[in-house]
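Protein sequence lines, in the order shown, are assigned to chains D and R. So the first sequence is numbered by our numbering: it starts at 9 and just counts up by one. So the second sequence is numbered by our numbering: it starts at 9 and just counts up by one. Note that the Cβ used here is the ideal one computed from N, Cα and C, for glycine as well. I have placed the structure first, in the form of structure tokens, so that the comments after it can refer back to it.
Protein chains: 2
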Amino acid sequence: MTELPIASVNETRWLDEEQQRIWRAFLGGMTVLTDRLDRDLRTEHGLSMSEYEILVRLSEAPDRSIRMADLAAALSHSRSRITHTISRLERDGIVQRVQCDTDGRGVTAVLTDKGFDLLATAAHTHVRGVRDYLIDRASPEDLTALGRVMSAVQEAIGGRRF
Amino acid sequence: MTELPIASVNETRWLDEEQQRIWRAFLGGMTVLTDRLDRDLRTEHGLSMSEYEILVRLSEAPDRSIRMADLAAALSHSRSRITHTISRLERDGIVQRVQCDTDGRGVTAVLTDKGFDLLATAAHTHVRGVRDYLIDRASPEDLTALGRVMSAVQEAIGGRRF
DNA sequence: AGCACGTCGTTGAACTTTCAATCAAGTCGT
DNA sequence: ACGACTTGATTGAAAGTTCAACGACGTGCT
Chain D
9 MTELPIASVN
19 ETRWLDEEQQ
29 RIWRAFLGGM
39 TVLTDRLDRD
49 LRTEHGLSMS
59 EYEILVRLSE
69 APDRSIRMAD
79 LAAALSHSRS
89 RITHTISRLE
99 RDGIVQRVQC
109 DTDGRGVTAV
119 LTDKGFDLLA
129 TAAHTHVRGV
139 RDYLIDRASP
149 EDLTALGRVM
159 SAVQEAIGGR
169 RF
Chain R
9 MTELPIASVN
19 ETRWLDEEQQ
29 RIWRAFLGGM
39 TVLTDRLDRD
49 LRTEHGLSMS
59 EYEILVRLSE
69 APDRSIRMAD
79 LAAALSHSRS
89 RITHTISRLE
99 RDGIVQRVQC
109 DTDGRGVTAV
119 LTDKGFDLLA
129 TAAHTHVRGV
139 RDYLIDRASP
149 EDLTALGRVM
159 SAVQEAIGGR
169 RF
């Protein structure tokens, strides 16, 4: 044997100094950012971030309604989690459950007017946060890079949850 | 009045198309990435990601021990959360609690040998994940940008939790 | 010394998420 | 039409996180 392989089969390649610094910044920034956005939403509108995300999706969908499983897939949540969350939102009059007419198993969640109004109000808080804590802190080029990297991550992991 | 202000005081500036695309990629990538890393650690070593992070910090600290409040601060967790998590880790023999001798209130968590061994094993899984799903998916320039942006985010939000 | 105030860590209850089990309904092959 | 298999949604219990309250201790002021 004379040349290859450069990296042998099962050896773990550790992160170098710089990669580690980046990874920790990512982890820390992510934690602090989601915590903060969640807290702002919660204290000002009584909505968690994931509830907010559900409302956003619903508000953009035709008839402001999406089937449970599609919601779960869109947000990478388990079906069970969506069931529980929608139950709470329904109890509070923010969404409504409707039996799906084309599929006997299906249930679609519909955003109520009250839910839409709540979202319209909460959106100010949320967007302000996203700007203040992220968008306005980075150059356009860095933001583009951020988008590129995170899209690649999604690509790399794909839909598979199990 | 003739010129300024360009943006008036309290108007919400919405995200443009591109910013929104980036923000969603970030949110989605983040969710999918942390879910995946968490799941890998959990199934292969019975450790959650936040437990893993605690072990990492402890392993790097002098005497492999850190005071509860410092752990909480370092990971941006509540003190209560650290108490509960450390209790579980202690029950499993992974850390130990020691009364602090310089401060009557203080408790420091110490990584046991068993905990250190577990971490040494789990680290392979974790680092492979970070590489496969993130580091190896992006150019060095983009990674640098990522680090820069996320550091700025941390800077923007700072330590304030409430 | 005494007192007010802040910090440290814990506790238990409420809430949210996960996990495994279940039931109902659609799909496919024969 | 039948059975096997997959998918959609729910359920309840277990596990984890948040929240408010508490007791113990340190700090600083008078």
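- Task: Report whether the distance from the Cβ of Thr-133(D) to the nearest heavy atom of the ligand GTP is below 7 Å.
- Result: Ligands displayed in this structure: none; no statement on the ligand GTP is therefore possible.
- Task: Please report the Cβ distance between Phe-34(R) and Leu-154(D), rounded to the nearest whole angstrom; I am assuming they are in contact, meaning their Cβ atoms lie under 8 Å.
- Result: 6 Å
- Task: Output the residue ranges of the beta strand (DSSP E) runs that lie fully inside the region 107-135 of chain R and measure 3 residues or longer, sorted by chain position.
- Result: 115-119
- What residues are listed by DSSP as bridge partners for Gln-104(R)? Val-118(R)
- Task: Provide the residue(s) that pair with Arg-75(D) in DSSP beta bridges, ordered along the chain.
- Result: Thr-116(D)
- Can you tell which of Arg-87(D), Trp-22(D) and Gln-27(D) has the C-alpha that lies nearest to the C-alpha of Leu-151(R)? Gln-27(D)
- If the cut is a Cβ gap below 7 Å, which residues of chain D does Leu-126(R) touch? Those do not exist, as Leu-126(R) stays about 16 Å from chain D at its closest Cβ, beyond 7 Å.
- Item | Own chain residues within Cβ distance below 7 Å of Ser-108(R), not counting five before or after | Note that residue 108(R) corresponds to Cys in the displayed sequence, not to Ser. Around Cys-108(R): Arg-75, Gly-114, Val-115 and Thr-116.
- Query: By how many angstroms is the C-alpha of Val-157(D) removed from the C-alpha of Asp-43(D)?
  - Reply: 22 Å
- Do you know whose CA, among Asp-111(D), Glu-61(D), Met-57(D) and Arg-136(D), lies nearest Val-17(R)'s CA? Arg-136(D)
- Query: Are the C-beta atoms of Ala-164(R) and some chain D residue less than 8 Å apart?
  - Reply: yes
- Query: Does the Cβ-Cβ distance between Thr-129(D) and His-53(D) come in under 8 Å?
  - Reply: yes
- Message: Looking at chain D, is there any beta carbon in it that lies within less than 8 Å of the beta carbon of Thr-129(R)?
- Response: no
- Can you list, in chain order, the residues of the region 50-64 of chain D whose Cβ is nearer than 8 Å to any Cβ on chain R? Glu-61
- Message: When you compare the CB positions of Val-138(R) and Trp-31(D), do they come within less than 8 Å of one another, or not?
- Response: yes
- Query: Thinking C-alpha only, which one of Leu-127(R), Ser-95(R) and Thr-91(R) is nearest Leu-66(R)?
  - Reply: Leu-127(R)
- Return yes when the Cβ of Ser-73(D) is within less than 8 Å of the Cβ of Val-118(D), no when it is not. yes
- Message: With H, G and I counted as helix, E and B as strand and the rest as coil, what does DSSP make of Phe-170(D)?
- Response: Low per-residue confidence applies at Phe-170(D): pLDDT is 44, beneath 50, and the placement is therefore not dependable, though the value from the model is reported in the following sentence. DSSP places Phe-170(D) in coil when its eight states are reduced to three.
- Identify, in the order they occur along the chain, each residue of the same chain with its Cβ nearer than 8 Å to the Cβ of Leu-45(R), setting aside the five sequence neighbours on each side. Met-57, His-134, Gly-137, Val-138 and Tyr-141
- Message: Taking the alpha helix (DSSP H) that Pro-70(D) belongs to, which residues open and close that run?
- Response: Looking at the DSSP string, Pro-70(D) is not in any alpha helix (DSSP H), and its letter there is neither H nor E.
- Just checking my contact of Thr-39(D) with Ser-84(R) at CB under 8 Å: how many whole Å lie between their CB atoms? 5 Å
- Taking all protein chains shown into account, do 16 or more other C-beta atoms lie within 10 angstroms of the C-beta of Gln-162(D), making it buried, or fewer, making it exposed? buried
- Does any residue of chain D bring its CB to less than 8 Å from the CB of Thr-118(R)? Reading the sequence as shown, one finds Val at residue 118(R) and not Thr. Not one chain D Cβ lies under 8 Å of Val-118(R).
- Item | Assigned secondary structure, Gly-54(R) (DSSP; H/G/I helix, E/B strand, else coil) | coil
- Message: Check whether chain D comes within 8 Å of Thr-39(R), counting only Cβ atoms and requiring the distance to be less than that.
- Response: yes
- Task: Report the residue from Ala-77(D), Glu-61(D) and Arg-50(D) whose alpha carbon sits nearest the alpha carbon of Asp-111(D).
- Result: Ala-77(D)
- Task: Note down the Cα distance separating Glu-25(R) from Arg-50(D), rounded to an integer number of angstroms.
- Result: 26 Å
- Message: Once the 5 residues before and after Ala-80(R) are set aside, which same chain residues still bring their CB inside 8 Å of it?
- Response: Ser-86, Arg-87, Arg-89 and Ile-90
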